[in-house]
Each structure stands twice: as C-alpha cells, then as structure tokens.
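So the sequences go chain by chain: A and B.
Going by this note's numbering, the first sequence opens with residue 4, and the numbers climb by one from there.
Going by this note's numbering, the second sequence opens with residue 59, and the numbers climb by one from there.
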Amino acid sequence: MALSSVGKCFSSFGLFGRTLTGTEAKAVCCYHKKVVDHYENPRNVGSLDKNARNVGTGLVGAPACGDVMKLQIQVDENGKIVDARFKTFGCGSAIASSSLATEWVKGKSVDEALKIKNTEIAKELCLPPVKLHCSMLAEDAIKAALADYRLKQKDEEKVAEAVN
Amino acid sequence: MNSIRSFCVSHGVHRYVPSLQSLSVGSCAAARARFISNSAKNNRDYPQVHTNRIPNRILKLQHPTSNFCSSSAEMRSCWSCGSPAQLFFCSACKIIQPPNHGATYFQILNCDQTFAVDVPELQRRYLELQRSLHPDNFSLKSPTEQEYSEKQSALVNKAYRTLQKPVPRAVYMLQLHGVRLQEGTDATADPNFLLEVMETNEKLAESRSPEEVDDIGQAVRETLKDLTEQMNTALNKGDLQSARELLARMKYFANLEEKVKEKLTENL
Numbered sequence: 004m005a006l007s008s009v010g011k012c013f014s015s016f017g018l019f020g021r022t023l024t025g026t027e028a029k030a031v032c033c034y035h036k037k038v039v040d041h042y043e044n045p046r047n048v049g050s051l052d053k054n055a056r057n058v059g060t061g062l063v064g065a066p067a068c069g070d071v072m073k074l075q076i077q078v079d080e081n082g083k084i085v086d087a088r089f090k091t092f093g094c095g096s097a098i099a100s101s102s103l104a105t106e107w108v109k110g111k112s113v114d115e116a117l118k119i120k121n122t123e124i125a126k127e128l129c130l131p132p133v134k135l136h137c138s139m140l141a142e143d144a145i146k147a148a149l150a151d152y153r154l155k156q157k158d159e160e161k162v163a164e165a166v167n
Numbered sequence: 059m060n061s062i063r064s065f066c067v068s069h070g071v072h073r074y075v076p077s078l079q080s081l082s083v084g085s086c087a088a089a090r091a092r093f094i095s096n097s098a099k100n101n102r103d104y105p106q107v108h109t110n111r112i113p114n115r116i117l118k119l120q121h122p123t124s125n126f127c128s129s130s131a132e133m134r135s136c137w138s139c140g141s142p143a144q145l146f147f148c149s150a151c152k153i154i155q156p157p158n159h160g161a162t163y164f165q166i167l168n169c170d171q172t173f174a175v176d177v178p179e180l181q182r183r184y185l186e187l188q189r190s191l192h193p194d195n196f197s198l199k200s201p202t203e204q205e206y207s208e209k210q211s212a213l214v215n216k217a218y219r220t221l222q223k224p225v226p227r228a229v230y231m232l233q234l235h236g237v238r239l240q241e242g243t244d245a246t247a248d249p250n251f252l253l254e255v256m257e258t259n260e261k262l263a264e265s266r267s268p269e270e271v272d273d274i275g276q277a278v279r280e281t282l283k284d285l286t287e288q289m290n291t292a293l294n295k296g297d298l299q300s301a302r303e304l305l306a307r308m309k310y311f312a313n314l315e316e317k318v319k320e321k322l323t324e325n326l
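See the structure below:
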C-alpha cells in the first residue's frame with residue numbers, strides 16, 4: 004500500500020514535469036515578440052519633474068488586475084512633445100503598451116498625441132483580446148498626461164492675464 | 059533570461075502573466091498552481107495541497123448561480139437509485155453524486171454566506187470533504203463514480219481556494235450579487251490613492267535590504283487588514299457600491315503583498 008502510493012507520487016511528478024513544460028512553451032508562444040522586446044528593453048523608463056510647468060503627468064490604474072501606470076510628457080514652447088517617460092507596475096502587456104506609447108507620443112503635438120487609440124497600440128503589439136485592457140490603460144495614461152499639461156497651461160494663462 | 063529577471067526586479071511583474079512570470083520567477087507556488095489546474099483536468103494525480111496563489115481566472119469567472127435558489131442545492135434525485143440525494147452522496151444508497159453547479163461555494167463548504175467566514179472551520183470542512191471525495195477512494199468503483207469523485211473533488215478545491223483568501227472571496231461574493239470589477243481603467247479612482255499605490259510600488263522596487271522590504275510588507279498588510287474590515291462592514295450592510303470600490307483597492311494592495319513576498323524570496 005505504502006509502496007503503491009510512493010509510485011503514485013512519482014508518476015504524478017513525471018506528469019507534472021511534462022505538463023509544466025508544455026504550458027510554458029505554449030504561454031511563451033502566446034506573447035508576440037514585440038511585447039517581449041518592449042518588456043526586455045523598455046523604452047523611456049523613468050520620471051520627469053511632475054512640478055515643472057511644461058510636464059504633464061498621467062496616473063491611471065486598472066481595478067480588475069491592480070496594475071498602475073504613470074506616463075509623463077514634456078512639451079516644448081512650440082507645443083511639441085519632446086520627451087516622455089513611463090513607470091508601470093503591471094503585467095508584460097501593460098509595460099509594453101506604455102513603453103510603446105512613450106515612443107509614439109514623442110515628436111507629436113499635443114493634439115496629434117490625443118488621437119492615439121488603444122486599438123492602434125493593441126494592433127502594433129498583437130495583443131490578444133484578454134489583454135486589450137492593457138492598451139486601454141496606456142491610451143488613458145496618455146490622455147491623462149495631456150489633460151494635466153493643458154490644465155497647467157490654462158492656469159498659467161490665468162496667472163498671466165491677472166498680471167496684465 | 060537575465061534581462062527579464064532584472065527588469066522584473068525594478069518593475070515588478072503581475073502574477074497573471076503566465077509566461078513572463080514563469081520565466082522570471084519560476085516560483086514553486088506558480089508551478090504548483092499550474093499543476094493543480096492541470097490535474098483538475100486530468101484527475102489522475104489529484105493533489106491534496108491547495109495553493110495560496112489566486113488564479114486570475116476567478117476574476118473572469120461568471121458564476122452561473124447569481125439567481126441561486128437554496129432549494130435547488132437540496133432537491134436532487136440520486137442518479138443511481140432515485141432517492142433524494144444530498145450535495146455529495148445519496149442519502150439512501152450512499153453513492154457519490156455528480157457536482158451540483160447550482161450550489162454556491164458557501165453551500166459546498168457548508169458555511170454561512172458571510173465575508174467574515176471562519177477560515178479554520180472552512181479548512182476543516184475542506185479537508186473532511188476531500189477525505190471522502192478524493193478520487194483515490196474510488197479507484198475500485200465504476201467509471202461513473204470515479205468521474206463524479208474527480209469532478210466533486212475539483213469543485214471542492216475551487217470552492218476552498220475561492221473562499222480561503224479575502225480578495226477572491228470578495229470577488230466571488232460580489233459576483234453572487236451580479237457585481238463585477240470593470241475592465242480597463244478606473245475613471246472614478248481617487249488620484250491620491252493611485253499616487254499612494256504608485257509610490258509604494260516605487261519604494262518597493264528601489265528597496266535594497268530585506269528590512270526595508272519587510273517594513274513595506276508590514277504597511278501593506280495593515281492596509282489590507284483595514285480594507286478587509288471595511289469590506290466586511292460594507293457587505294453586511296449590503297452596500298455593494300462601497301464593496302466594489304473597496305475590492306478595487308484590495309486588488310492593488312494584494313498585488314503589492316504578492317510583490318513583497320516575491321522580493322523577499324529573491325533576496326534569500
């Protein structure tokens with residue numbers, strides 16, 4: 004009896020090893036190489052001075068998975084986004100989406116950046132349907148950063164008007 | 059491999075990405091979780107162990123019993139002799155029954171449907187059920203009975219894993235009320251709260267000594283404890299709106315707790 008249960012244990016580990024390798028191989032294949040690339044070599048990780056007048060900060064979270072994403076943009080006097088940084092604490096797709104978002108906003112005007120859609124991000128990264136919300140998070144982060152920047156500019160205009 | 063690992067250290071990896079997580083962490087617990095979910099399908103090597111990791115699919119699981127009527131769990135006839143059957147066995151011929159998917163996890167584990175569930179009692183009940191339902195007990199029985207024992211045993215495992223920890227328990231209880239966490243971003247989230255989550259994550263990513271990590275873990279656990287108490291109050295009052303907001307907060311902090319554990323394991 005004891006021997007037979009030992010045998011069962013071993014057979015279960017044998018099965019375990021095989022299924023695990025199978026699952027891993029399958030799961031790795033599920034990630035598009037572009038996601039893995041952004042995940043391994045994320046672009047523009049870091050922070051900009053959130054108090055600077057020409058920096059807009061967007062902070063968003065996904066309640067269903069508990070991911071948080073911060074995306075910042077720096078805008079020059081001509082209204083062009085000259086720098087962007089992100090910090091994402093979440094899954095590989097969320098990291099890749101925000102990394103790509105920072106690449107895309109750079110060089111665009113504020114209005115152009117507003118037009119970036121999550122579907123474009125998802126398409127570029129070949130995200131599967133269950134990961135679409137990661138690209139939505141990135142789009143919302145861009146929008147939040149642009150809104151923060153515009154709010155700062157408006158406040159500045161008000162101050163300027165008050166002075167004049 | 060190394061680059062993934064080092065990036066995970068600085069940025070944290072959400073545990074519900076199976077591939078990247080198994081590449082970077084390769085933790086025993088994750089493997090065990092996978093083993094359990096596989097064996098639930100295979101049923102040949104059914105483990106006694108349960109996992110502390112919460113599979114994300116629980117979140118997506120739309121439980122079919124939101125309109126559950128308590129009598130549906132009781133009023134079944136035995137598939138073999140036709141007498142009234144209980145959840146697991148026939149009261150007359152004692153033969154094992156197929157799983158009753160109309161029963162809630164609380165009914166399966168025979169405990170009160172409350173968020174403040176008695177966890178040691180839950181565990182006692184779980185082990186007791188697995189002792190009588192485990193497929194090993196049915197190796198000499200008919201294929202139908204073997205199949206039912208595998209399915210019942212898997213269902214009991216799922217019920218226990220769901221109710222054991224506060225976050226999946228809250229998710230499940232809200233689902234019973236037809237409330238689910240929204241996909242995508244949380245437009246209503248308090249910016250100060252998100253900032254707190256972000257800063258705690260950053261602090262954890264930058265921490266170098268086990269003491270620092272421990273301190274963060276302590277603070278995270280206290281927040282979770284506080285949120286759990288508030289969740290209990292909200293659910294007792296039937297305040298589903300608050301419960302849903304609290305659940306979102308719990309999710310962020312449960313993630314942090316998981317990352318603290320991962321970081322402590324890496325440091326060892």
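Note that beta-carbon positions come from the ideal geometry of N, C-alpha and C, so glycine has one too.
Range covered by the alpha helix (DSSP H) that runs through residue i
| i | result |
| --- | --- |
| residue 220 of chain B | 201 to 222 |
| residue 171 of chain B | Where residue 171 of chain B is concerned, there is no enclosing alpha helix (DSSP H), given that its DSSP letter is neither H nor E. |
| residue 137 of chain A | 135 to 166 |
| residue 164 of chain B | 163 to 166 |
| residue 278 of chain B | 268 to 295 |
| residue 121 of chain A | 121 to 128 |
| residue 189 of chain B | 177 to 191 |
| residue 259 of chain B | 249 to 264 |
| residue 41 of chain A | 36 to 43 |
Beta carbon of residue i nearer than 7 Å to that of residue j
| i | j | result |
| --- | --- | --- |
| residue 66 of chain A | residue 262 of chain B | no |
| residue 392 of chain B | residue 308 of chain B | The question about residue 392 of chain B has no answer here: the residues shown for chain B are numbered 59 through 326. |
| residue 166 of chain A | residue 99 of chain A | no |
| residue 228 of chain B | residue 289 of chain B | yes |
| residue 187 of chain B | residue 235 of chain B | no |
| residue 112 of chain A | residue 83 of chain A | yes |
| residue 97 of chain A | residue 47 of chain A | no |
| residue 117 of chain A | residue 243 of chain B | no |
| residue 151 of chain B | residue 135 of chain B | no |
| residue 206 of chain B | residue 156 of chain B | yes |
| residue 271 of chain B | residue 314 of chain B | no |
| residue 138 of chain A | residue 45 of chain A | no |
| residue 211 of chain B | residue 191 of chain B | yes |
| residue 75 of chain A | residue 85 of chain A | no |
| residue 136 of chain A | residue 264 of chain B | no |
| residue 129 of chain A | residue 35 of chain A | yes |
| residue 52 of chain B | residue 237 of chain B | With chain B running from 59 to 326 in the structure shown, residue 52 of chain B is simply not present. |
One or two residues paired with residue i in a DSSP bridge
| i | result |
| --- | --- |
| residue 71 of chain A | A/64 and A/92 |
| residue 86 of chain A | A/77 |
| residue 148 of chain B | B/143 |
| residue 154 of chain B | B/147 |
| residue 134 of chain B | B/143 |
| residue 112 of chain A | A/83 |
| residue 229 of chain B | BP columns for residue 229 of chain B are empty, so no partner. |
| residue 48 of chain A | A/89 |
| residue 59 of chain A | A/76 |
Proximal residues of chain B, C-beta to C-beta of residue i below 7 Å
| i | result |
| --- | --- |
| residue 89 of chain A | Here the premise fails: no neighbours, minimum Cβ distance about 10 Å. |
| residue 73 of chain A | 256 |
| residue 69 of chain A | 309, 310, 312 and 313 |
Chain-ordered chain A contacts of residue i [CB-CB under 8 Å]
| i | result |
| --- | --- |
| residue 282 of chain B | The premise fails here: residue 282 of chain B is roughly 12 Å from chain A at the closest Cβ pair, so nothing lies under 8 Å. |
| residue 215 of chain B | Simply none; closest approach about 15 Å. |
Under 7 Å by beta carbon: chain A residues contacting residue i
| i | result |
| --- | --- |
| residue 306 of chain B | 66 |
Cross-chain neighbours of residue i in chain B, by beta carbon under 8 Å
| i | result |
| --- | --- |
| residue 62 of chain A | 249, 252, 253 and 256 |
Chain A residues whose Cβ lies nearer than 9 Å to that of residue i
| i | result |
| --- | --- |
| residue 259 of chain B | 71, 90 and 92 |
Is it a yes or a no for the region 286 to 294 of chain B touching the region 98 to 113 of chain A, going by three-plus beta-carbon pairs under 8 Å? Of all C-beta pairs linking the region 286 to 294 of chain B to the region 98 to 113 of chain A, fewer than three are shorter than 8 Å, placing the two stretches out of contact.
Touch check for the region 87 to 105 of chain A and the region 55 to 72 of chain A: three-plus C-beta pairs under 8 Å? Touching, yes.
Using 8 Å as the cut-off, can you tell me whether the region 208 to 224 of chain B makes contact with the region 159 to 179 of chain B, which would need three or more C-beta pairs spanning the two stretches below that distance? Contact between the region 208 to 224 of chain B and the region 159 to 179 of chain B is present: 3 or more CB-CB pairs across the two stretches fall below 8 Å.
For the region 131 to 146 of chain A against the region 42 to 61 of chain A, do three or more pairs of beta-carbon atoms, one drawn from each stretch, fall closer than 8 Å, so that the two count as touching? Using a C-beta cut-off of 8 Å, the region 131 to 146 of chain A makes contact with the region 42 to 61 of chain A, since at least three inter-stretch Cβ pairs fall below that distance.
Can you find at least 3 beta carbon pairs, one from the region 192 to 209 of chain B and one from the region 174 to 181 of chain B, that sit closer than 8 Å? No, they do not touch.
Given 8 Å as the limit, is there contact between the region 277 to 289 of chain B and the region 143 to 161 of chain B, that is, 3 or more CB pairs closer than that? No contact exists between the region 277 to 289 of chain B and the region 143 to 161 of chain B.
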